[in-house]
Amino acid sequence: MRLLITGGAGFIGANFVHSSVRVHPEDSLTVLDAMTYAGSRESLAAVENDIRLVQGDITDAELANKLVAESDAVVHFAAETHVDNALADPEPFLRANVIGTFTVLEAVRAHGVRLHHVSTDEVYGDLELGNARRFTESTPYNPSSPYSSTKAASDMLVRAWVRSYGVRATISNCSNNYGPYQHVEKFIPRQITNVLTGRRPKLYGSGTNVRDWIHVDDHNSAVRRILADGQIGRTYLIGAEEERDNLSVMRAILRLMDRDPDDFDHVADRAGHDLRYAIDPSALYDELGWAPKHTDFEDGLRATIDWYRDNETWWGPLKDATEAKYEGRGQ
Ligand code: NAD
Ligand code: DAU
7 MRLLITGGAG
17 FIGANFVHSS
27 VRVHPEDSLT
37 VLDAMTYAGS
47 RESLAAVEND
57 IRLVQGDITD
67 AELANKLVAE
77 SDAVVHFAAE
87 THVDNALADP
97 EPFLRANVIG
107 TFTVLEAVRA
117 HGVRLHHVST
127 DEVYGDLELG
137 NARRFTESTP
147 YNPSSPYSST
157 KAASDMLVRA
167 WVRSYGVRAT
177 ISNCSNNYGP
187 YQHVEKFIPR
197 QITNVLTGRR
207 PKLYGSGTNV
217 RDWIHVDDHN
227 SAVRRILADG
237 QIGRTYLIGA
247 EEERDNLSVM
257 RAILRLMDRD
267 PDDFDHVADR
277 AGHDLRYAID
287 PSALYDELGW
297 APKHTDFEDG
307 LRATIDWYRD
317 NETWWGPLKD
327 ATEAKYEGRG
337 Q
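Below is the structure:
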């Protein structure tokens with residue numbers, strides 16, 4: 007299969023490329039990535055001879071058309087992804103997530119190419135703390151942030167292009183990923199690299215907010231299952247049933263790094279901070295026979311800490327600028 011992977015130099019996309027090279031050497035892979043602050047050539051250095059890397063923007067219709075025409079399927083990861091950045095400046099999110107997805111949709115429509123659109127559980131808004139409700143495929147959309155509203159808009163465009171134009175697309179909405187190559191702006195790598203650089207970790211508010219964690223390789227194996235056997239027009243929710251509050255994750259990181267579990271700062275909370283996300287992945291388990299492999303969160307966290315310890319050359323150049331940005335926001 008000739009696969010076009012948008013956003014393949016970002017966190018999840020790069021891990022998707024790595025696992026595809028490993029597990030599906032028969033595929034021919036093209037990455038289209040604008041190399042924003044979140045994209046990294048180094049993330050693909052180990053597989054650079056196995057792929058074609060095109061630096062370009064998904065909103066460039068001519069380029070998107072050309073690359074889509076040369077592909078059998080598109081896996082669309084490219085997006086602006088950080089909630090705090092969206093709160094500070096939403097415009098790039100509208101451009102990349104809404105216009106970008108529109109441009110990809112028009113290209114797959116023109117060339118009859120299969121699309122898998124990668125989205126987020128944040129489109130459903132948040133759940134209350136302390137109850138048993140979880141998101142399902144029929145939960146109404148209710149996004150809270152500029153980031154999640156642009157992802158919700160992109161999902162709506164995909165649904166409309168399936169219904170109106172018969173585009174062969176599937177959508178997945180996944181929970182919070184962790185693992186190697188995640189930008190140090192995100193919660194888990196930020197705290198690990200704060201410890202590694204002698205900074206104090208930073209917890210927003212009281213840390214009661216809950217996220218549902220999944221290892222990036224499990225997210226990507228589910229995307230592969232959906233790409234192979236998902237029903238066109240369907241939305242699949244991807245999750246590994248690993249709900250944790252932020253305070254517990256913070257303490258686990260500190261404990262695994264041999265630090266006092268209370269050795270962190272409470273900082274200004276995120277505006278409109280979503281309380282809890284939780285995915286009910288039973289449709290994916292039952293229909294496509296998928297299951298996560300990384301079922302011990304602390305094992306996954308330990309391996310992730312080891313990866314950041316061993317790969318300072320990858321994240322080191324990003325760290326000071328990222329922390330300066332946070333400092334400016336009181337976080
Ligand atoms: P990331 O920010 O690490 O990577 C995004 C990549 O997209 C970067 O390489 C960036 O250069 C590229 N990009 C951004 N705008 C572009 C444009 N206009 N044209 C071409 N490339 C562009 O993000 P990630 O965490 O890897 O997320 C990938 C996808 O998965 C996103 O669509 C995100 O919404 C979704 N998602 C992420 C998570 C998570 O926990 N990280 C969970 C569920 C869904
Ligand atoms: O749920 C899926 C989403 O997960 C993806 O769609 C997003 O692209 C991805 O960024 C992520 O969004 P979150 O906002 O949940 O992730 P983030 O890593 O930014 O924060 C996780 C939690 O940790 C959140 O409750 C805010 C909190 N936090 C974050 C940072 C950066 C802190 O307490 N301290 C921090 O320093």
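Heads up: the sequence shown begins at 7 in this note's numbering, then just goes up one per residue. Backbone N, C-alpha and C fix where the C-beta goes; we use that ideal spot for every residue, glycine too.
| message | Quick check: what's the CA-CA separation for Arg282 versus Val80? | response | Taking the first residue of the sequence shown as position 1, residue 282 is located at position 276. Taking the first residue of the sequence shown as position 1, residue 80 is located at position 74. When rounded, the distance between both Cα atoms is 31 Å.
| query | With burial defined as no fewer than 16 other Cβ atoms inside 10 Å of the residue's Cβ, what is the status of Tyr1: buried or exposed? | reply | Residue 1 cannot be examined here, being either before or after the span of the chain that is shown, 7 to 337.
| task | Using only alpha-carbon positions, find the residue among Pro149, Arg174, Ala175 and Val222 that is nearest to Tyr184. | result | One-based indexing of the sequence shown puts residue 184 at position 178. For Tyr184, the nearest C-alpha among the options comes from Val222.
| Within the segment 245 to 293, ranges of the alpha helix (DSSP H) (whole runs, at least 4 residues) | 252 to 262
| request: Determine the burial state of Gln61: buried for a count of at least 16 other Cβ atoms within 10 Å of its Cβ, exposed for fewer. | output: Along the sequence shown, read from residue 1 onward, the residue named residue 61 stands at position 55. By the 10 Å Cβ count, Gln61 comes out exposed.
| field | Neighbourhood of Asp56 by C-beta distance below 6 Å, restricted to the same chain and skipping five residues each side | value | Here residue 56 is taken as the residue at index 50 of the sequence shown, counted from 1. The residues are Val27.
| message | Taking 8 Å as the cut-off, does the segment 130 to 141 touch the segment 78 to 98 (at least 3 CB pairs, one atom from each stretch)? | response | no
| Counting along the chain, where does the alpha helix (DSSP H) carrying His122 start and finish? | Looking up residue 122 in the sequence shown gives position 116. Run containing His122: none in the alpha helix (DSSP H); it sits in the beta strand (DSSP E), Arg120 to Thr126.
| Any heavy atom of the ligand DAU closer than 8 Å to the CB of Tyr332? | The count along the sequence shown starts at 1 and reaches residue 332 at position 326. Yes.
| task | Answer with yes or no whether the minimum CB distance from Leu163 to chain C is below 9 Å. | result | Absent from the structure: chain C. Only one protein chain is present.
| Among His24, Pro31, Asp66 and Ala52, nearest to Asp39 - alpha-carbon criterion | Looking up residue 39 in the sequence shown gives position 33. Residue Asp66 is the option with its Cα nearest to Asp39.
| request: Provide the residue(s) that pair with Gln61 in DSSP beta bridges, ordered along the chain. | output: As a working mapping, residue 61 is identified with position 55 in the sequence shown. Its beta-bridge partners are Asp39.
| field | Exposed unless 16 or more other CB atoms sit within 10 angstroms - verdict on Thr301 | value | Here residue 301 refers to the residue found at position 295 when the sequence shown is read from its first residue. It is exposed - the Cβ of Thr301 has fewer than 16 other Cβ atoms within 10 Å.
| query | Do the segment 266 to 283 and the segment 210 to 219 touch if we need at least three Cβ pairs shorter than 8 Å? | reply | yes
| said: Closer than 8 Å to a non-hydrogen atom of the ligand DAU - does that hold for the CB of Arg240? | reply: To locate residue 240, count along the sequence shown from 1; it is residue 234. Because no heavy atom of the ligand DAU lies under 8 Å away, the Cβ of Arg240 does not count as near it: no.
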